[in-house]
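Quick notes on the structure that follows.
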């Protein structure tokens, strides 16, 4: 999801995706929270770059929405199966960070243990990955809108968990 967000930003700004640093919070799917406020293009905040390039806030909102719903877009391009290249690349990045104690900050689904006002739940947040695994869950400051969107995403994750438990009692 974060790779898709970074790619869409790179395309919009006409820059290499290697220069885009962007991530999403929350669950996987239509309720994910692409975080524009922490997104940069080679250190330049996306909001500043948008002003430089004449890209409107509405257009940035469209990119956020495309990121949320873009999984289907990727699957349609592949024509068979599901999107697996970006998740595999992300898994490799996480494994390398762990194996080589790189202390990388990566967006990962981890147990938040009280961070973001949440407990007993695994959601996507920025995490320091090193030899100790998920060594530090980073609780970043969010705007009121971002907090509300994260809560919507968390609620969707909780609903999914409850549905799974209803299907299989051993998951309770």
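In this note's numbering, the protein residues as written are 1 to 172. Built from N, CA and C at the ideal position, the CB exists for glycine as well.
query	result
Backbone CA spacing between residue 113 and residue 30 [nearest angstrom]	24 Å
Residue 108, buried or exposed, once every other Cβ within 10 Å from all chains shown has been counted against 16	buried
Entirely enclosed alpha helix (DSSP H) segments - the region 85-137, minimum 4 residues	85-99
Among 148, 170, 104, 32, nearest to residue 124 - alpha-carbon criterion	32
Candidates 130, 118, 129, 136, of which the one nearest residue 158 by Cα	118
Closer than 7 Å: residue 120 CB and nearest the ligand MN heavy atom	The ligand MN is not part of this structure, which contains no ligands at all.
Whole runs of the alpha helix (DSSP H) within the region 3-47, excluding any shorter than 4 residues	none
Residue 168 (DSSP reduced to helix, strand or coil)	coil
CB-CB length for residue 122 against residue 110, believed under 8 Å	6 Å
Endpoints, alpha helix (DSSP H) assigned at residue 57	57-69
As assigned by DSSP and simplified to three states, the class of residue 139	coil
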